[in-house]
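Mind the numbering: the sequence shown is residues 1 to 187 in my numbering, read in order. The C-beta atom is built at its ideal place from N, Cα and C for all residues, glycine as well.
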Amino acid sequence: MSVIANLKEALNGESNAKRKYELFAERAMEENHPHIAHVFKAVAFAESIHIKNHLRALNVIMNTESDLNDIVEVDVEELRGKIRETKLNLMDALEGELYETKKMYKSFEKNARKEKQDVAELSFNLARQAEKVHASIFSDLIKSLEKNREIESQKIYVCTICGNVEFNDPPARCPVCDHSEKFFEEL
Ligand SMILES: [Fe+2]
Ligand SMILES: [Fe+2]
1 MSVIANLKEA LNGESNAKRK YELFAERAME ENHPHIAHVF KAVAFAESIH IKNHLRALNV
61 IMNTESDLND IVEVDVEELR GKIRETKLNL MDALEGELYE TKKMYKSFEK NARKEKQDVA
121 ELSFNLARQA EKVHASIFSD LIKSLEKNRE IESQKIYVCT ICGNVEFNDP PARCPVCDHS
181 EKFFEEL
């Protein structure tokens, strides 16, 4: 599969994940899990960073200014049908992040390297590493719910370069993309 097709598939996946997490956030609020809602919103924002990076890569390769709406299809009613209770939503989110980090972005990154498309390779690489962080965040929240641990609110920061998510304070340098703390945005 060509890098262009991979970028379009990634844009579609990220756009759907972003919208789905926003819906999961609403549900978490209804179930009185404000911190989990906050996390879903922050990760949704992180996916929007991946969208921005992938779109830039696509534009560089195609030498054009593509419109995201011409590339992706987000069926909000279909996504609404996927909303369940928050613990199951977290499990759904975890499954998606693991698929992206372990399978999808791994193979997309390899294709981009083979086709010598550096901008796409970097975009896939950053997304793959950030999704790994997202997966571990969702996994921790599932464990906390299963053990009935109290989930306290924390400050959440998202790296606007790579979509990495950090709690309490932004790190001096992003462990994923190495940009400084000034590139972190509090959500
Ligand atoms: Fe993610
Ligand atoms: Fe980063």
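Item	Value
Quick test of the definition: if touching needs 3 or more C-beta pairs under 8 angstroms, does the region 144-164 touch the region 106-113?	no
In terms of alpha-carbon separation, which member of L7, N16, E14, H33 lies closest to R149?	H33
Are the Cβ atoms of V176 and L126 separated by less than 8 angstroms?	yes
So, under 8 angstroms CB-CB, L58 and S66 are touching, yes? Tell me the CB distance rounded to an integer number of Å.	6 angstroms
Which of the three DSSP states is assigned to R173 in this structure?	strand
Can you name, in chain order, every residue of its own chain whose Cβ lies under 6 angstroms from the Cβ of Q129, other than the five neighbours on each side?	V176
Can the beta-carbon of K20 be found less than 8 angstroms from the beta-carbon of L79?	yes
For H134, I'd like the list of residues in its chain whose CB is within less than 6 angstroms of its CB, leaving aside the five on either flank, ordered along the chain.	V43, E97
How about V74 and N6: are their beta carbons less than 8 angstroms apart?	no
Identify every residue that forms a DSSP beta bridge with Y157.	E166, E186
Can you tell me where the alpha helix (DSSP H) with G13 in it begins and where it stops?	3-30
What residue range does the alpha helix (DSSP H) around E146 cover?	118-146
Under 8 angstroms between C-beta atoms, does A172 make it to chain D?	Chain labels in this structure do not include chain D; a single protein chain is all it has.
Near ligand 1, which residues have their beta-carbon less than 7 angstroms from any of its heavy atoms, given in chain order?	A17, V43, A46, E47, E97, E100, A130, E131, H134, G163
Judging by CA-CA distance, which residue of H50, E22, V60, F184 is the nearest neighbour of A37?	E22
Does DSSP put S180 in a helix, a strand or coil?	strand
Is I61 helix, strand or coil by DSSP?	helix
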